[in-house]
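**Q**
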Amino acid sequence: MVRIAAGQINPIIGDFEGNCRKMEEAAKKAREAGCRLVVFPELSVSGYPPRDLLERRSFIKDNLNAVERLMENIQGIAVLLGYVERNGEPGENNLYNAALLFEDGRVLHKVRKRLLPTYDVFDERRYFEPGSESKPVMWNGVRLGITICEDMWNDKEVFESRKYRVDPVADLCDQGVELLINISASPFNTGKPAFRESLIASVARRHKVPVFYVNQVGGNDSLLFDGASLGFYSDGTLAVRAESFVEDLLVFEPKETSPQRIADVPACVEEEVYRALVMGTRDYVTKCGFKKVVIGLSGGIDSALTAAVAADALGAENVSTVFMPSEYTSSDNDEDTKGLAENLGCHFDVVPIAPMFDAFLGASDIFCREEHGITEQNIQARVRGTLLMALSNKTGALVLTTGNKSELAVGYCTLYGDMNGGLAVISDVPKTLVWDISRFINRNGEVIPQRIIDKVPSAELRPDQSDQDELPAYEVLDAILHAYVEQVKAPAEIVAMGYDAEVVADVVRRVEINEYKRQQAAPGLRVTAKAFGYGRRYPIAKRIA
Numbered sequence: 004m005v006r007i008a009a010g011q012i013n014p015i016i017g018d019f020e021g022n023c024r025k026m027e028e029a030a031k032k033a034r035e036a037g038c039r040l041v042v043f044p045e046l047s048v049s050g051y052p053p054r055d056l057l058e059r060r061s062f063i064k065d066n067l068n069a070v071e072r073l074m075e076n077i078q079g080i081a082v083l084l085g086y087v088e089r090n091g092e093p094g095e096n097n098l099y100n101a102a103l104l105f106e107d108g109r110v111l112h113k114v115r116k117r118l119l120p121t122y123d124v125f126d127e128r129r130y131f132e133p134g135s136e137s138k139p140v141m142w143n144g145v146r147l148g149i150t151i152c153e154d155m156w157n158d159k160e161v162f163e164s165r166k167y168r169v170d171p172v173a174d175l176c177d178q179g180v181e182l183l184i185n186i187s188a189s190p191f192n193t194g195k196p197a198f199r200e201s202l203i204a205s206v207a208r209r210h211k212v213p214v215f216y217v218n219q220v221g222g223n224d225s226l227l228f229d230g231a232s233l234g235f236y237s238d239g240t241l242a243v244r245a246e247s248f249v250e251d252l253l254v255f256e257p258k259e260t261s262p263q264r265i266a267d268v269p270a271c272v273e274e275e276v277y278r279a280l281v282m283g284t285r286d287y288v289t290k291c292g293f294k295k296v297v298i299g300l301s302g303g304i305d306s307a308l309t310a311a312v313a314a315d316a317l318g319a320e321n322v323s324t325v326f327m328p329s330e331y332t333s334s335d336n337d338e339d340t341k342g343l344a345e346n347l348g349c350h351f352d353v354v355p356i357a358p359m360f361d362a363f364l365g366a367s368d369i370f371c372r373e374e375h376g377i378t379e380q381n382i383q384a385r386v387r388g389t390l391l392m393a394l395s396n397k398t399g400a401l402v403l404t405t406g407n408k409s410e411l412a413v414g415y416c417t418l419y420g421d422m423n424g425g426l427a428v429i430s431d432v433p434k435t436l437v438w439d440i441s442r443f444i445n446r447n448g449e450v451i452p453q454r455i456i457d458k459v460p461s462a463e464l465r466p467d468q469s470d471q472d473e474l475p476a477y478e479v480l481d482a483i484l485h486a487y488v489e490q491v492k493a494p495a496e497i498v499a500m501g502y503d504a505e506v507v508a509d510v511v512r513r514v515e516i517n518e519y520k521r522q523q524a525a526p527g528l529r530v531t532a533k534a535f536g537y538g539r540r541y542p543i544a545k546r547i548a
């Protein structure tokens, strides 16, 4: 059987020129490595997911023109890629999510995705017509079976409750394929890479056929793609694995018996999420046309982790940090923010907010000078948010917000204040995981000052304030949120897990009444199975029993 390659690329949605260039370069390298076929991810021509850009006729035309360019420019090696195909037959939608196999300018085979997901972050049935059949193709003496992403996610031995009536993989294998290829754009979340490997191993083992899985890599808005393309032998043994979270060219020989390249996976969930955040931040900032970012440092763990991620993603020289103390800010935080910026090598400024806060209070007698309530606390957050946005306007740097998932879930954040910004880097990272990742960053030496990790969390908007004045311990809060948001358990089910009924009721109430805040938040990077974003579509005005 022939040698083939995975062109694990990081496309930019709609950048047909750039995406074609990446594919041409990867095809050249694959040919030089002695490969007869190079395989690219799902919708690799346009980038995934293009969403409502698919409603533009010009977008579809540019996508087809890019395919023609690739067919003309890539010679001496066969290519399998993902693109948008027009549907010439009567149907609900006029487009297919398709795969094209060509060689030396000749079309050899087309495949149309049959299983179109509509759950979580997916909405493919909105745009595409499902394919109607699965047929193998004979290429270079090998009977290939080609599927597209979700087409492989319906194996009856893996999924107890299947979402679809058909199994394209089984249909192909029943026709005697000798190699199964799946082109994919499979978004990352914690635990998914391991599950994906077990799924593909099961497919190979059950059907006794080698499987080559090629995944997109990179961040596109909130969605992160980990790459980690795979090849399995027909007995379900892992043969090859591409690098995670970076572009890679992976060579696979399905009949080879000697060891092939198996890249390491992240050693722990902390490393996995950290690498995903670094990649996602870099891609969001640069794909949106920015070069620099600005972050408000508080002396707390959330802003410290956000700054560490940004410095790793963009280079410390492109990260500006600002410390904005008030009369309630501890001297420790003055020292810790300065130490963090020095450790990271980032620019550091100090802008006290007391004069501006006093000006607000003096503007009207409706504000309380004697006892600061939530109004006065929020004014401080909004002064800081205004300063950060002004710095963004002045310097052209993107503001990164620093709130974590636990805070965002229960509304422990201020609209037009600490929620100001263009990207919420850790908004899908629970507070307990924020601490764990920070300790991981410090595994070889102190990057984040240890006192930042050890201190009691506080917004420092009033004297002696602690997060736990209003919230349960984060270990309890995060466990309840995981059950309610990600596992979609009812409050009674969570109480049955051993949690206090009043605490559960209060957490659930906070989650529900703060939907309006989350829908105004900056986009965040998705790293869990259920993030706050377009994969979680809840109404604002509602009644929840």
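The number in my numbering is simply the position in the sequence shown, starting from 1, with 3 added.
Glycine is no exception: its CB is placed at the ideal position from the N, C-alpha and C atoms.
Quick caveat: nothing in here was measured; it's all calculated off a predicted structure.
Once you ignore the five residues that flank Leu183 on each side, which residues in its own chain have a CB closer than 6 angstroms to its CB?
**A** One-based indexing of the sequence shown puts residue 183 at position 180. Counting only Cβ-Cβ distances below 6 angstroms, and skipping sequence neighbours, we find Gly148, Val212, Val214.
**Q** Are Ile63 and Lys116 touching if we call contact CB-CB under 8 angstroms?
**A** As a first step, residue 63 must be located in the sequence shown, where it is residue number 60. As a first step, residue 116 must be located in the sequence shown, where it is residue number 113. No, the Cβ-Cβ distance between Ile63 and Lys116 is not below 8 angstroms.
**Q** Output the distance between the C-alpha atoms of Cys271 and Leu57, rounded to the nearest integer angstrom.
**A** Reading the sequence shown from its first residue, position 268 is the one you call residue 271. Reading the sequence shown from its first residue, position 54 is the one you call residue 57. Rounded to the nearest angstrom, the two C-alpha atoms are 38 angstroms apart.
**Q** Which runs of the beta strand (DSSP E), 3 residues or longer, sit entirely within the region 214-253?
**A** Taking only runs of at least 3 residues, the beta strand (DSSP E) segments lying wholly in the region 214-253 are 214-218, 220-223, 226-229, 233-235, 241-244.
**Q** Please state whether the Cβ-Cβ distance between Gly221 and Asn90 is less than 8 angstroms.
**A** Taking the sequence shown and counting its residues from 1, one reaches residue 221 at position 218. Taking the sequence shown and counting its residues from 1, one reaches residue 90 at position 87. Cβ atoms of Gly221 and Asn90: not closer than 8 angstroms.
**Q** Can the beta-carbon of Ala188 be found less than 8 angstroms from the beta-carbon of Pro355?
**A** Numbered from its first residue, the sequence shown carries residue 188 at position 185. Numbered from its first residue, the sequence shown carries residue 355 at position 352. Their beta carbons are not under 8 angstroms apart, which means Ala188 does not touch Pro355 by this criterion.
**Q** Suppose contacts are defined by Cβ-Cβ distances below 8 angstroms. Is Arg285 in contact with Leu317 by that definition?
**A** Here residue 285 is taken as the residue at index 282 of the sequence shown, counted from 1. Here residue 317 is taken as the residue at index 314 of the sequence shown, counted from 1. Result yes, Cβ atoms of Arg285 and Leu317 sit closer than 8 angstroms.
**Q** Using the C-alpha atoms, what's the distance from Arg513 back to Ala495?
**A** Walking along the sequence shown from the start, residue 495 turns up at place 492. Walking along the sequence shown from the start, residue 513 turns up at place 510. Rounded to the nearest angstrom, the two C-alpha atoms are 16 angstroms apart.
**Q** Tell me the rounded alpha-carbon separation between Ser47 and Thr260.
**A** The residue given as residue 47 occupies position 44 in the sequence shown. The residue given as residue 260 occupies position 257 in the sequence shown. Rounded to whole angstroms, Ser47 to Thr260 spans 31 angstroms at the Cα level.
**Q** With contact counted as at least three CB pairs below 8 angstroms, one residue from each stretch, are the region 232-248 and the region 188-207 in contact?
**A** The answer is yes - the region 188-207 touches the region 232-248, with three or more Cβ pairs under 8 angstroms.
**Q** Applying the criterion that 16 or more other CB atoms from any shown protein chain within 10 Å of the CB defines a buried residue, is Gln522 buried or exposed?
**A** Working through the sequence shown from its first residue, we reach residue 522 at position 519. Exposed, because fewer than 16 other Cβ atoms sit within 10 Å of the Cβ of Gln522.
**Q** Could you please give the first and the last residue of the uninterrupted alpha helix (DSSP H) stretch that includes Ile456?
**A** Along the sequence shown, one-based indexing puts residue 456 at 453. Here the alpha helix (DSSP H) through Ile456 covers 453-457.
**Q** Could you say which of Pro53, Val145, Glu28 lies nearest to Gln78 if we only look at CA atoms?
**A** Reading the sequence shown from its first residue, position 75 is the one you call residue 78. Among Pro53, Val145, Glu28, the Cα nearest to that of Gln78 is on Glu28.
**Q** According to DSSP, what are the bridge partners of Ala9?
**A** Position 6 of the sequence shown, counting from 1, holds the residue named residue 9. The partner list for Ala9 (beta bridge, DSSP) reads Val42, Leu253.
**Q** By Cβ distance below 6 angstroms, which residues in the same chain neighbour Val114 in space, the five residues on each side in sequence not counted?
**A** Numbered from its first residue, the sequence shown carries residue 114 at position 111. These residues qualify, in order along the chain: Ala102, Ile149.
**Q** Roughly how many whole angstroms lie between the Cα atoms of Cys23 and Lys341?
**A** Mapped onto the sequence shown, residue 23 falls at position 20. Mapped onto the sequence shown, residue 341 falls at position 338. Taking the straight line from one Cα to the other gives about 45 angstroms.
**Q** Taking Arg442 and Asp421 to be in contact with their CB atoms under 8 angstroms, please state how far apart those CB atoms are, rounded to whole angstroms.
**A** Locating residue 442 in the sequence shown gives position 439, counting from the first residue. Locating residue 421 in the sequence shown gives position 418, counting from the first residue. Contact doesn't hold; Cβ gap of about 24 angstroms is too wide.
**Q** If Val428 sits next to Leu280, beta carbons under 8 angstroms apart, how far is it from one beta carbon to the other, in whole angstroms?
**A** Your numbering for residue 428 matches position 425 in the sequence shown. Your numbering for residue 280 matches position 277 in the sequence shown. Their Cβ separation, rounded to whole angstroms, is 6 angstroms, which keeps Val428 and Leu280 in contact under 8 angstroms.
**Q** Is the distance from the Cβ of Lys520 to the Cβ of Gly414 below 8 angstroms?
**A** In the sequence shown, counting from the first residue as 1, residue 520 sits at position 517. In the sequence shown, counting from the first residue as 1, residue 414 sits at position 411. Cβ distance < 8 angstroms, so Lys520 and Gly414 count as in contact.
**Q** Is Lys434 closer than 8 angstroms to Tyr477 when the C-beta atoms are compared?
**A** On the sequence shown, residue 477 is found 474 positions in, with the first residue counted as 1. On the sequence shown, residue 434 is found 431 positions in, with the first residue counted as 1. Yes. Within cutoff.
**Q** What whole-angstrom Cβ distance do Val296 and Asn321 have, given they're in contact under 8 angstroms?
**A** Within the sequence shown, residue 296 is the residue found at index 293, counting from 1. Within the sequence shown, residue 321 is the residue found at index 318, counting from 1. Yes, Val296 and Asn321 are in contact; Cβ-Cβ is about 7 angstroms, under 8 angstroms.
**Q** Counting only the same chain and skipping the five closest in sequence on each side, list residues whose C-beta sits under 8 angstroms from that of Asn445.
**A** Counting from 1 along the sequence shown, the entry for residue 445 is found at position 442. Ile451, Gln453, Ile456, listed in sequence order.
**Q** By how many angstroms is the C-alpha of Asp229 removed from the C-alpha of Glu250?
**A** Residue 250 sits at position 247 when you count from the first residue of the sequence shown. Residue 229 sits at position 226 when you count from the first residue of the sequence shown. Cα to Cα, Glu250 sits roughly 9 angstroms from Asp229.
**Q** Distance check for Ile543 and Ile483, CA to CA, integer angstroms please.
**A** The residue you call residue 483 lines up with position 480 of the sequence shown. The residue you call residue 543 lines up with position 540 of the sequence shown. Ile483 and Ile543: Cα-Cα distance of roughly 21 angstroms.
**Q** Check Glu88 in the structure and name its three-state DSSP category.
**A** Taking the sequence shown and counting its residues from 1, the one referred to as residue 88 is at position 85. The answer is strand: DSSP assigns Glu88 an E or B state.
**Q** Within 10 Å of its beta-carbon, does Asp352 have 16 or more other beta-carbons around it, so buried, or fewer, so exposed?
**A** Mapped onto the sequence shown, residue 352 falls at position 349. So Asp352 ends up on the exposed side.
**Q** Along the chain, where does the beta strand (DSSP E) containing Lys113 start, and where does it finish?
**A** Mapped onto the sequence shown, residue 113 falls at position 110. That run of the beta strand (DSSP E) goes 109-115.
**Q** Between which two residues does the alpha helix (DSSP H) containing Trp438 stretch?
**A** The residue given as residue 438 occupies position 435 in the sequence shown. Start and end: 434-444.
**Q** DSSP three-state call for Thr389: helix, strand or coil?
**A** Here the question's residue 389 lines up with position 386 in the sequence shown. It is helical.
**Q** Return the first residue and the last residue of the beta strand (DSSP E) that Asn76 is part of.
**A** If you number the sequence shown from 1, residue 76 lands on position 73. Segment 60-76 is the alpha helix (DSSP H) holding Asn76; no beta strand (DSSP E) there.
**Q** Could you tell me whether the region 503-518 touches the region 528-548, using the rule of 3 or more Cβ pairs below 8 angstroms?
**A** Judged by Cβ distances under 8 angstroms, the region 503-518 makes contact with the region 528-548, as three or more pairs qualify.
**Q** Can you name the start and end residues of the beta strand (DSSP E) that Asn146 belongs to?
**A** As a first step, residue 146 must be located in the sequence shown, where it is residue number 143. Looking at the sequence provided, one finds Arg at residue 146 rather than Asn. Run containing Arg146: 145-151, per the beta strand (DSSP E) assignment.
**Q** In this structure, does DSSP put Ile265 in helix, strand or coil?
**A** Here residue 265 refers to the residue found at position 262 of the sequence shown. It is a strand residue.
**Q** Give a yes or no on contact between the region 358-378 and the region 295-311, applying the rule of three or more CB pairs nearer than 8 angstroms.
**A** Cβ pair count under 8 angstroms is below three, so no.
**Q** Closest to Ala310 by C-alpha separation, out of Arg34, Gly406, Ile369, Gly17, would be which residue?
**A** The residue given as residue 310 occupies position 307 in the sequence shown. Taking only the C-alpha atoms, the option nearest Ala310 is Gly406.
**Q** Count the other C-beta atoms from every protein chain shown that fall within 10 angstroms of the C-beta of Asp305, then say buried if there are 16 or more, exposed otherwise.
**A** Within the sequence shown, numbered from 1, the residue matching residue 305 stands at position 302. It is buried - the Cβ of Asp305 has at least 16 other Cβ atoms within 10 Å.
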